[in-house]
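In order, the protein sequence lines correspond to chains A and B.
Residue numbers for the first sequence follow full-length UniProt numbering, beginning at 1 and rising by one.
Residue numbers for the second sequence follow full-length UniProt numbering, beginning at 1 and rising by one.
Don't be surprised by glycine CBs; every beta carbon is placed ideally from N, CA and C.
Computed from a predicted model, the values in this text were never measured in an experiment.
Only one structure is covered here, and it is reproduced in the block below.
2 protein chains.
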Amino acid sequence: MATPSMEDYLERIYKLIDEKGYARVSDIAEGLEVHPSSVTKMIQKLDKDNYLIYEKYRGLILTPKGKKMGKRLMDRHELLENFLTTIGVHEDNIYKDVEGIEHHLSWDSITCIETLLEYFRRDPSRADELMNVRKELEAEN
Amino acid sequence: MATPSMEDYLERIYKLIDEKGYARVSDIAEGLEVHPSSVTKMIQKLDKDNYLIYEKYRGLILTPKGKKMGKRLMDRHELLENFLTTIGVHEDNIYKDVEGIEHHLSWDSITCIETLLEYFRRDPSRADELMNVRKELEAEN
DNA sequence: TACTTGGCGTAGCCATTGCTATATTTCCCC
DNA sequence: GGGGAAATATAGCAATGGCTACGCCAAGTA
């Protein structure tokens with residue numbers, strides 16, 4: 001079973017490969033805001049657990065297991081980002097919050113959040129009304 | 001700054017004192033499903049950080065700082081439970097999901113979720129419409 | 001008062017995951 | 001093809017927060 005930290009790395013790696021075709025240690029480190037030495041260490045663990053195949057100094061590729069997991073993680077991450085954006089969370093807080101919670105929600109909750117997003121997408125005036133509530137609450141304090 | 005684990009303990013302690021008037025090591029341990037020795041260790045840390053005052057073998061009381069924090073944590077927990085309930089998450093999943101995410105949300109996100117709840121409270125038909133979206137999405141699959 | 005027992009505390013271990021400092025490899029440019 | 005800079009790897013340390021094993025206190029009972 002993957003720890004939250006392992007999921008963070010896998011997700012990042014998947015995204016980098018998806019966008020740039022490869023995932024370098026330094027890119028992963030920058031994205032997760034950790035030092036390169038931490039990345040190397042974690043990559044070795046992910047290799048040992050068969051999420052990827054790693055060759056020292058030469059790079060890595062995801063195994064089918066790693067790809068499948070990575071895609072699920074990335075989709076879930078994007079969903080949660082959209083959710084927080086929709087309800088008005090400040091952009092500066094979104095990445096950190098999503099990274100914190102994404103590993104701890106059941107698929108039931110994920111599905112319900114998906115539905116909630118669809119609810120706001122279908123009628124944009126709903127988001128406007130939400131913002132009105134916000135303004136009223138702010139005016140009270 | 002309190003770590004997630006420290007928050008778990010504080011919240012539990014606050015709730016125990018709120019409900020029973022006192023918080024024994026064994027009650028805390030049972031509630032959090034850890035061993036009593038772990039509780040003692042954490043209590044000492046919370047004492048050192050002035051969240052509570054602890055006397056060996058005799059018990060503990062929360063400082064004003066600890067009470068304030070404990071109340072906030074408990075309120076946050078309840079808010080998140082209400083949120084998941086409102087969007088239709090199955091009751092069996094709620095407690096575990098809230099336990100997982102409660103320590104990882106900025107107060108900005110908490111406020112936005114509070115607003116979202118108020119939005120649904122002000123007009124109950126909104127929740128009905130959300131459930132309609134859910135049914136439509138379920139029908140598609 | 002003395003004993004027993006259950007609750008509590010301490011010491012020390014382990015895993016996780018970050019860090020710094022240092023070594024090694026690769027790549028690019030001359 | 002060789003030298004140096006950039007990238008990557010390794011070693012070893014620290015904090016966190018569990019655990020087990022064992023020692024200590026104190027309340028209830030005889």
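Pick out whichever of the options has its Cα sitting closest to the Cα of residue i.
| i | options | result |
| --- | --- | --- |
| alanine 29(A) | Arg12(A), Gln44(A), Asp18(A) | Arg12(A) |
| alanine 2(B) | Leu117(B), Tyr14(B), Pro36(B), Tyr51(B) | Tyr51(B) |
| leucine 116(A) | Leu79(A), Asp75(A), Ser5(A), Glu136(A) | Leu79(A) |
| tyrosine 95(A) | Ile94(B), Val98(B), Leu105(B) | Leu105(B) |
| serine 38(A) | Thr63(A), Ser5(A), Arg58(A) | Ser5(A) |
| methionine 131(A) | Asn82(B), Leu60(B), Ile113(B) | Ile113(B) |
| aspartate 108(B) | Glu138(A), Pro124(A), Thr40(A) | Glu138(A) |
| glycine 31(A) | Ser125(A), Tyr57(A), Glu136(A), Glu99(A) | Glu99(A) |
| glutamate 7(A) | Glu102(A), Glu129(A), Ile87(A) | Glu102(A) |
| arginine 122(A) | Arg121(B), Lys20(B), Glu129(B) | Glu129(B) |
| threonine 86(B) | Pro124(B), Asp18(B), Lys56(B), Lys68(B) | Pro124(B) |
Near residue i, which residues of its chain fall below 7 Å by C-beta distance, leaving aside the five closest residues on each side in sequence?
| i | result |
| --- | --- |
| lysine 71(A) | Tyr14 |
| threonine 63(B) | Asn50, Tyr51, Leu52, Ile53 |
| isoleucine 110(A) | Arg76, Leu79 |
| serine 26(B) | Pro36 |
| methionine 74(A) | Glu11, Tyr14, Lys15 |
| alanine 23(B) | Ile13, Leu16, Ile17, Leu60 |
Which residues in the same chain have their Cβ closer than 8 Å to the Cβ of residue i, if we skip the five residues on either side of it in sequence?
| i | result |
| --- | --- |
| glycine 66(A) | Leu10, Ile13, Tyr14, Leu46, Asn50, Tyr51, Leu52 |
| phenylalanine 83(B) | Ile113, Leu116, Leu117 |
| arginine 134(B) | Gly88 |
Grab me the residues of residue i's own chain with a C-beta within less than 6 Å of its C-beta, minus the 5 sequence neighbours each way, in chain order.
| i | result |
| --- | --- |
| arginine 126(B) | Phe120 |
4 or more residues per run - each alpha helix (DSSP H) lying fully within the stretch 75-135 of chain B: Here the runs fully enclosed are 91-101, 107-122.
Inside the stretch 1-73 of chain B only - alpha helix (DSSP H) runs reaching at least 4 residues: If only uninterrupted alpha helix (DSSP H) runs of at least 4 residues are considered, those enclosed by the stretch 1-73 of chain B are 4-20, 25-32, 36-48.
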